Each structure stands twice: as C-alpha cells, then as structure tokens.
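Take the sequence shown: its letter number 42 is residue 42 in full-length UniProt numbering, and every next letter is one higher. Even glycine gets a Cβ: it sits at the ideal position worked out from N, Cα and C. These numbers were taken from a predicted model, which means no experiment stands behind them.
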Amino acid sequence: MSETIFDARAYCKIMLHAAKYPHLAVNGLLLAENGKPNVIVDAVPLFHQCLHVSPMAEVALVQVEAKVSQKDQQIVGYYVGCENFYENRFERAPGIRIADKIAENCSDACVAVIDNRAVSINMRYPALKIWQYRDNRWSKGKCAVENDSVTFDAVSCLLQRGAAKELNDYDNYLDNTHNDWDNVHLNGDLQQILAIIPQSTLMKNLRHDFDSLMDMLRSSGSQASSHSNFKTTENEPEAMGSKRYALRRKAYKREVKQKVFRIAGRESEPESEESDEQVPSFVPENLPTSERNDQKHKTAFRNIRRKVSKLR
1 MSETIFDARA YCKIMLHAAK YPHLAVNGLL LAENGKPNVI VDAVPLFHQC LHVSPMAEVA
61 LVQVEAKVSQ KDQQIVGYYV GCENFYENRF ERAPGIRIAD KIAENCSDAC VAVIDNRAVS
121 INMRYPALKI WQYRDNRWSK GKCAVENDSV TFDAVSCLLQ RGAAKELNDY DNYLDNTHND
181 WDNVHLNGDL QQILAIIPQS TLMKNLRHDF DSLMDMLRSS GSQASSHSNF KTTENEPEAM
241 GSKRYALRRK AYKREVKQKV FRIAGRESEP ESEESDEQVP SFVPENLPTS ERNDQKHKTA
301 FRNIRRKVSK LR
C-alpha cells in the first residue's frame, strides 16, 4: 500500500471547496508533476451542482489537461465530497466514472474522498480517505499531508477569514467566465500564510515556555507547598526535597534559556545590550507587509531574549 502525499496548496483548495458548499456534494481533479504521480501539488475544483453531467465533465477535463500540460503537470486523480455528512465511502461517491476515465490515462490514479466529519477549523489529521488504482481495481491507500501541522493551521486561517467564498470551481466559471477555476489569486495568499504561520507558531511556543518558567519562579515564594510536590515519600527530609526542587528549577530555566537564545539567534543577528536599548518597541505602519511582519517577529524575539537573559 503506497502513500499519496498532498501539498499544502492542493489540500487547502480541497478543504475550501468542501467548506464553501457544505450542503452539497463537490468534486474536482488532482494534479501532480510529470513522473511524480504520488505527490499531489494542486487541485482543480470542478462542480457542486451536477456532478454527473458527462458533457460538462468532458469539457472540463480537456480544458484542464491542456492548461496543466503547459506547467509540466498531469491529471492523476479525482476528489469528491458526498452530500451526506456521514458518507465517506468510495462505493457511494458521486461521479466516480470520472476517476475511471482518469485511470485509463494514468496507471497510478487515485481517488480522495473527503471525510466530512474531519473538516473543521481545528484540524489535526487529514480529512481525506484515499483509494489507488492497482491491478485494474481500486484499493484502499494511505494519505499524508506535507508539513501537516503548518498546512492545518493554514486551512484554519483561511476558513476563519472567509477565503472559501473566494474559491471558484468550474461551475462558477460556466456561470461567469471571469471566475478563474485555476484560482491563481488564492495561490499568492496561501504562500504568504504558509510563510508566516511557522514563525507565529514558534513565537507562541516560546511565549508558552517563558510563561511556564515565570510561573515556576513566582511559585518559589511558597517553599513549603512547592517542596512537598517533589517528595517521593512522606519520610523524605525537607532539605532533600528543597534541593531537588532547586535543581529541577535551575535545569528547566537553563533549558528554556538555551531554546530562546538558539531560536532568537537564528532568526535575527546577535546584538549587544546597547543596541537592544536603541530598538523601538513599535513597528512603523508604513513598512511593506513582509518587512513589517519580519520586524514584528524580530522585536518579539528580542524582547523575550532580553527578559530571559535577566533571569538569575
């Protein structure tokens, strides 16, 4: 059983298509680079109204294939989301004849059925079930999402900002040819979000570690209650519990400081204490978006590093 890997762009578009029409069945095409059929790099949303209309499906397949061939890509699969919220079986998936047609031209074709119950803002595992075409039949396969935690955060961010409304499928294109079924406008937004999320997640983890450290240091005032938490037996001397508590607190503080300095040093240039005092605590609003985000992260790293360096 081989594994089908979904790039962030493909996975996000599939989730946005399902979120835009939660009351309807949706389907689309899966794209991969030539020679790499198991890595899905993009998705083309097709229909949300009549998934079984053969003439429109044939026109869409021809048009999509002509366009993706210019990018050295090929159609390697089909994705579908059922109208019934609890339905995620391959046998009940609508428009499966499209997948059979794709399998005639691609020996490594795959079908991704959207697991409606797993589609949410706080996604923690792939909301897709995979079937692969092997030995002239469809069999269950494995699904993986590239850089899954960042991709899931990107989906959450896009859903919360209402990006599903901006996604166009082929049905929208047939209604108005100005609606781009390739969704180039979403590709740029998604790339920016994927670049920002790792830094935001990193900052959140750093702040959590720093807050935990400060809570531990503040609790040192109540030695009696704190020491009792570190006793292994009732007969353990108070001095031994106090010493073990101090050692653990010191080790934890050292671990957090090393983590902060290591990451902060990688994200920004090492600076002296004098230069830290000259850095403004605000970010000018007239900076471009990318420079403003970089400046915000550098300032936040610098503030945490300064606070941790003053701990004794």
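Apart from sequence neighbours up to five positions away, the residues of its chain that approach Ala32 with a beta-carbon distance below 7 Å are Val39, Ile40, Val41, Gln73, Gln74 and Val76, ordered along the chain. A direct Cα-Cα distance of roughly 5 Å separates Thr4 from Cys143.
For Phe6, the enclosing beta strand (DSSP E) starts and ends at Glu3 to Phe6.
About 5 Å separates the Cβ atoms of Pro94 and Leu51, confirming a contact at the 8 Å cut-off.
Residue ranges of uninterrupted beta strand (DSSP E) with 3 or more members, entirely inside the region 62-149 and ordered along the chain, are 73-81, 110-114, 128-134 and 137-145.
Of Arg117, Asp115, Glu87 and Tyr79, the smallest CA-CA separation from Asp100 is found for Tyr79. When DSSP reads this structure, Pro45 sits in a beta bridge with Gly28. Residue Pro126 holds the alpha-carbon nearest to the alpha-carbon of Asp153 among Leu24, Trp131, Asp175 and Pro126. Boundaries of the alpha helix (DSSP H) harbouring Tyr173: Tyr170 to Asp175, taken from the DSSP string. Just so you know, the alpha carbons of Cys12 and Thr151 end up roughly 8 Å apart. Taking 8 Å as the cut-off, the Cβ atoms of Ser2 and Gly188 do not count as close. Around the CB of Phe6, 16 or more other CB atoms lie within 10 Å, so the residue is classed as buried.
Excluding sequence positions up to five before and after Phe90, its CB lies within less than 7 Å of the CB of Val111, Val113, Trp131 and Trp138, all in the same chain and listed in chain order.
In this structure, Leu186 sits away from Ala164, with a CB-CB distance that is not shorter than 8 Å. Separation of Asn136 and Asn105 (C-alpha to C-alpha, rounded to the nearest whole angstrom) is 12 Å. Shown here for Leu167: same chain residues with a beta carbon closer than 7 Å to its own, the five before and five after excluded, namely Lys13, Leu16, His17, Lys20, Pro45, Asn183 and Leu186 in chain order.
The C-beta distance from Asp115 to Asn88 rounds to 5 Å, short enough to meet the 8 Å contact threshold. Looking at the DSSP output, Glu33 sits in a beta bridge with Gln73.
Cβ neighbours of Ala109 within its own chain (closer than 7 Å, five residues either side excluded): Val76, Gly77, Ala99, Ile102, Ala103 and Tyr133. Around the beta carbon of Pro37, a 10 Å sphere encloses 16 or more other beta carbons of the protein chains shown; the residue is thus reported as buried.
Just so you know, the alpha carbons of Lys253 and Asn84 end up roughly 52 Å apart. Just so you know, the alpha carbons of Gln191 and Ala60 end up roughly 26 Å apart.
Residue nearest to Ser107 within the set Arg92, Gly35 and Leu24 is Gly35 (criterion: CA-CA distance).
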